[in-house]
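Here's the structure we're looking at; comments come further down.
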Amino acid sequence: MSALVRLLSSQKEKISAAPWKYDVFLSSRGGDTCTGFTDFLHKSLSATGLRVFRDEDASLSVGNQQIGPEVLQAIRTCRIMIPIVSEHYVHSTWCLRELTEIMRCHSNHGKSVFPVFYKVNVADLGRQGGKLRSSGDALCEHEMMPCRREEAQEWVEALCSLTRIRGWTSQAIANGHEGKLVKMVVAKVLSELEMSWIQRSSMFIKSVSHYFLEKKGRESNCQVFLSFCGADTRYNLAAYLHTSLVAEGIQVFKDDDPSLIGKDAVHEIGNAIDHCKISIPILSSNYVSSQWCLEDLAQMVECKRTKGQTILPIFYKVNTSYMQDVSHLFGKHMVRHKELVDEITYERWERALKEVGSSKGWVSEYIANGHEAVLVQEVVKEVLRLLNNPQTHDPPSPSTEY
1 MSALVRLLSS QKEKISAAPW KYDVFLSSRG GDTCTGFTDF LHKSLSATGL RVFRDEDASL
61 SVGNQQIGPE VLQAIRTCRI MIPIVSEHYV HSTWCLRELT EIMRCHSNHG KSVFPVFYKV
121 NVADLGRQGG KLRSSGDALC EHEMMPCRRE EAQEWVEALC SLTRIRGWTS QAIANGHEGK
181 LVKMVVAKVL SELEMSWIQR SSMFIKSVSH YFLEKKGRES NCQVFLSFCG ADTRYNLAAY
241 LHTSLVAEGI QVFKDDDPSL IGKDAVHEIG NAIDHCKISI PILSSNYVSS QWCLEDLAQM
301 VECKRTKGQT ILPIFYKVNT SYMQDVSHLF GKHMVRHKEL VDEITYERWE RALKEVGSSK
361 GWVSEYIANG HEAVLVQEVV KEVLRLLNNP QTHDPPSPST EY
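Take the sequence shown: its position 355, counted from the start at 1, is 355 in UniProt numbering, and no numbers get skipped.
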């Protein structure tokens, strides 16, 4: 407990000394969201009494794309930064310069960054140095200007760093319901800020204790890692399976866990896979379109080889032959990935896809004529069997094999 008290004391001194001028800094591309989502979010945050700096207010008075001192000062003296990455965000040198400063403050000072990916596919940002596919031309345009080449590289690095932080994808929240997304963002910000440290000293000790217990729990008690493409199965099979596993007392980590918001998702997810006993990838038609999912799959395969972990794949409305022949259904996705990542990463993903594709698993349409409730029962039954008899590694029963 003495260590916690010392930590509390140091944090009080740090926060009291910090010249916080704003609680939240909103970075957005005006033409995309200024009269819609950003406006709604700004008003909702302000309505709670938070001090919010909205970059568009300052940019209106600036005649060029250089960030003024007011904006830089706002970024450096705010507590939480929310970049709203929309379709044309990366076409703006203003936005890219803001993002670079935001990520610099995040890296150097540990400031919280809660990204919102507004009507863009976060998977296209990539994990391994990729970037928004639609932004490629825009970045190249900047890179063509000799005086900006070095700065353009900083922009790419800032974008890549942003992909490591879990945020919200607008189209994945309640089928694109922006009102619910705003409520989620506001709730997260308020939870982060809550009260002053002096008011919450006793609560702080409890929360720190809870954090370390939770972190230890994630590392040591994670039994099952559930990987899926949200667009395909988030609200059906993945949701049913997660609920059913938890109902049996099984510790499950989902790769869309809301507790990951604002955290280094790559590290947290990788850590979860590394410590779990069983991984269940739900391979659906769009699973391979996501670089996040492919990276998860590759790490599952590595843990299977090095630690003997079990992979129980579910082939959801796809033919397993496509896993072996990447030129078929998944060909278009793999070709795109090949253009965005280095050769070693691509080959690693391809090997993992083929290995899992040749593994025993469940083909959804072969189970009770596609009845997903029966499929979920079979998966839960197999997971319980493996957890109760860790030395057995039999494949699913004949009725569930493809």
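The beta carbon of each residue, even a glycine, is placed where N, CA and C say it ideally should be. Predicted, not measured: the structure shown is a model, and the values here were computed from it.
Helix, strand or coil at residue i according to DSSP, with G and I counted as helix
i           : result
P313        : coil
L387        : helix
S28         : strand
L294        : helix
P69         : helix
C78         : strand
I173        : coil
Y240        : helix
V341        : coil
I278        : strand
V85         : strand
G36         : coil
H371        : coil
T93         : helix
N121        : coil
E401        : For E401, the predicted structure reports a pLDDT of 48, less than 50, and the residue's modelled location is therefore unreliable. A value from the coordinates is still provided. Looking at E401 - three-state DSSP - the assignment turns out to be coil, as it is neither helix nor strand.
S358        : coil
R149        : helix
Y235        : coil
G270        : helix
W20         : coil
G308        : coil
G179        : helix
residue 460 : Because the chain is modelled from 1 through 402, residue 460 falls outside the range shown and cannot be assessed.
Beta-carbon proximity check, residue i vs residue j, cutoff 8 Å
i    : j    : result
L283 : Y316 : yes
I261 : K183 : no
C303 : D256 : no
F114 : V185 : yes
I84  : V116 : yes
A231 : N286 : yes
V301 : E268 : no
Q251 : S279 : no
S89  : S170 : According to the sequence shown, residue 89 is Tyr rather than Ser. For Y89 and S170, no; Cβs fall outside 8 Å.
K263 : R104 : no
I314 : S364 : yes
R234 : F228 : yes
H337 : Y346 : yes
E192 : S107 : no
V383 : L245 : yes
Identity of the residues DSSP links to residue i by a beta bridge
i    : result
D264 : I165
L283 : F315
K254 : L226
P115 : Beta-bridge pairing links P115 to no other residue.
F53  : F25
V363 : F315
Length of the line joining the Cα atoms of residue i and residue j
i    : j    : result
A172 : V71  : 31 Å
K277 : V52  : 44 Å
L297 : G110 : 30 Å
H371 : K360 : 19 Å
R385 : Q223 : 13 Å
I311 : E350 : 17 Å
E150 : T100 : 12 Å
R29  : I102 : 15 Å
P281 : S86  : 29 Å
A174 : L181 : 8 Å
L96  : E154 : 9 Å
Q73  : I67  : 10 Å
V374 : N236 : 13 Å
L26  : S92  : 15 Å
R164 : V266 : 6 Å
A238 : E339 : 30 Å
C78  : E157 : 22 Å
E194 : V24  : 13 Å
E343 : V335 : 12 Å
G179 : T48  : 16 Å
R305 : P258 : 30 Å
H42  : V122 : 23 Å
Residue i Cβ short of 7 Å to the ligand SAH heavy atom set
i   : result
I84 : In the structure on display, the ligand SAH does not appear, and there are no ligands present to speak of.
Cβ distance (whole Å) where residue i is taken to contact residue j below 8 Å
i    : j    : result
W362 : V341 : The Cβ separation is near 30 Å, so there is no contact.
E98  : D55  : 6 Å
L387 : V288 : The pair is not a contact, with the Cβ atoms about 29 Å apart (cut-off 8 Å).
V270 : Q291 : At residue 270 the sequence reads Gly, which differs from the Val that was named. Actually they are not in contact, since the Cβ atoms of G270 and Q291 sit about 14 Å apart, beyond 8 Å.
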